[in-house]
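Enquirer: Straight run, no breaks: the sequence shown in UniProt numbering ends on number 256.
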Amino acid sequence: MSSDAQWHVSPVQQWAALSGRTVRAAVRQGDLPFGFLAPMIFFVCFYVPLRHSMETGGGRYAQYLLPVIVVQGMFFTAMSAGDRAARDTAGGMGTRLRSLPVGAWLPAAARMSANVLRGVAAIAGALVIGSAFGFRFHGFGAAVVFVVLALAFGLALVIGADLLGVVTGDPGTGATVLLIPQLLLVMLSTGFVPAQGFPGWIQPFVRNQPVSQAAAALRGLADGKYVAALPITIAWIAGLTVVFGAAVVLVEGRRR
1 MSSDAQWHVS
11 PVQQWAALSG
21 RTVRAAVRQG
31 DLPFGFLAPM
41 IFFVCFYVPL
51 RHSMETGGGR
61 YAQYLLPVIV
71 VQGMFFTAMS
81 AGDRAARDTA
91 GGMGTRLRSL
101 PVGAWLPAAA
111 RMSANVLRGV
121 AAIAGALVIG
131 SAFGFRFHGF
141 GAAVVFVVLA
151 LAFGLALVIG
161 ADLLGVVTGD
171 PGTGATVLLI
181 PQLLLVMLST
191 GFVPAQGFPG
201 WIQPFVRNQP
211 VSQAAAALRG
221 LADGKYVAAL
231 PITIAWIAGL
241 TVVFGAAVVL
251 VEGRRR
């Protein structure tokens with residue numbers, strides 16, 4: 001057996017090794033535990049002050065609130081992804097890997113593994129606290145679509161955030177850039193209160209922006225319904241994925 005064959009490592013083995021490194025770092029640094037706990041904290045912070053005013057017309061506020069907590073968890077997953085990519089770039093990890101016989105796609109794929117795991121942790125944390133306060137799924141199939149849609153939305157955001165981290169190589173810059181749109185889109189959405197709770201001039205934006213559409217789609221799925229917001233949300237996810245994916249290809253092409 002030649003030495004080249006003896007020491008050959010398949011792309012799958014390389015991906016597994018890099019993914020294991022990234023996941024272990026996420027656990028060691030507290031990123032995964034925080035990803036699980038953060039939705040619980042935010043759920044309680046909004047549920048406690050708003051519950052009584054929102055339940056005057058009947059219904060459970062937990063059923064209404066939880067979808068936007070899941071969406072917010074995906075935004076925080078994206079912010080974590082940007083921070084992780086920036087730290088790898090600043091630490092020279094990408095440069096070292098490019099000097100090795102490692103596929104150009106493997107470092108990003110390994111980071112995505114940790115990002116997907118963090119997204120799952122965020123959804124799990126949200127569902128745990130939501131269930132404790134009365135949130136329920138009404139239909140197994142719709143529940144599966146709920147989780148898949150939430151992860152797809154998060155992955156679309158993660159692709160863009162990961163690219164931003166790679167380009168800037170500065171965790172502080174990435175966090176600042178991502179925090180502002182996250183706050184605006186989440187707070188100016190129908191996730192916490194209906195569109196009628198906003199001034200009339202801003203209601204069209206509040207009703208139609210992607211966070212509101214995603215929250216409405218997830219809310220419908222939780223109730224076992226496939227509402228009109230679902231295809232709109234899928235279109236948003238597809239559009240963001242295409243745009244951010246094209247940007248990744250362009251940037252990586254120039255880095256080679």
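Even glycine gets a Cβ: it sits at the ideal position worked out from N, Cα and C.
Could you give the first and the last residue of the continuous alpha helix (DSSP H) run that contains residue 176?
Expert: 171–187
Enquirer: Is there contact here, the region 153–163 with the region 66–83, by at least three beta-carbon pairs under 8 Å?
Expert: yes
Enquirer: Pairs of beta-carbons, one from the region 37–46 and one from the region 63–79, closer than 8 Å: are there three or more?
Expert: yes
Enquirer: If you draw a straight line from the C-alpha of residue 7 to the C-alpha of residue 20, how long is it?
Expert: Caution applies to residue 7, whose pLDDT of 48 falls short of 50 and renders its modelled position unreliable; the value that the coordinates give is listed next. Distance between the alpha carbons of residue 7 and residue 20: 20 Å.
Enquirer: Where does residue 208 land, buried or exposed, given buried means 16+ other C-beta within 10 angstroms?
Expert: exposed
Enquirer: What's the C-alpha gap between residue 183 and residue 45?
Expert: CA-CA distance, residue 183 to residue 45, rounds to 15 Å.
Enquirer: By the 10 Å Cβ neighbour count, where 16 or more other Cβ atoms means buried, how is residue 1 classified, buried or exposed?
Expert: Note that residue 1 scores 43 on pLDDT, short of 50, meaning its location in the model is unreliable; the coordinates nonetheless yield the value given after this. Here residue 1 is exposed, its C-beta having fewer than 16 other C-beta atoms within 10 Å.
Enquirer: Would you list, in sequence order, the uninterrupted alpha helix (DSSP H) runs of no fewer than 4 residues that lie entirely inside the region 179–251?
Expert: Scanning the region 179–251 from its first residue to its last, the whole alpha helix (DSSP H) runs of 4-plus residues come out as 203–208, 210–222.
Enquirer: What three-state label does DSSP hand residue 19 in the structure shown?
Expert: helix
Enquirer: Please state whether DSSP places residue 125 in a helix, a strand or coil.
Expert: The answer is helix: DSSP assigns residue 125 an H, G or I state.
Enquirer: For residue 230, count neighbouring C-beta atoms within 10 Å of its own C-beta (all shown protein chains included) and say buried if the count is 16 or more, exposed if not.
Expert: buried
Enquirer: Taking its Cβ as the centre, do 16 or more other Cβ atoms sit within 10 Å of residue 187, making it buried, or is it exposed?
Expert: exposed
Enquirer: In this structure, how does DSSP classify residue 138 when only helix, strand and coil are distinguished?
Expert: coil
Enquirer: Count the other CB atoms, across all protein chains shown, that sit within 10 Å of the CB of residue 73; report buried if there are 16 or more and exposed otherwise.
Expert: Burial is judged here by how many other beta carbons sit within 10 angstroms of a residue's own beta carbon; residue 73 has at least 16 and is buried.
Enquirer: Is it buried or exposed for residue 228, if we count other Cβ within 10 angstroms and need 16 for buried?
Expert: exposed
Enquirer: DSSP three-state call for residue 112: helix, strand or coil?
Expert: helix
Enquirer: For the 8 Å Cβ check, are there 3 or more pairs between the region 195–203 and the region 166–173?
Expert: Judged by Cβ distances under 8 Å, the region 195–203 makes no contact with the region 166–173, as fewer than three pairs qualify.
Enquirer: Classify residue 5 as helix, strand or coil using the three-state DSSP reduction.
Expert: In this predicted model, residue 5 has a pLDDT of only 45, less than 50, meaning its place in the structure is not dependable; the value taken from the coordinates is given anyway. Looking at residue 5 - three-state DSSP - the assignment turns out to be helix.
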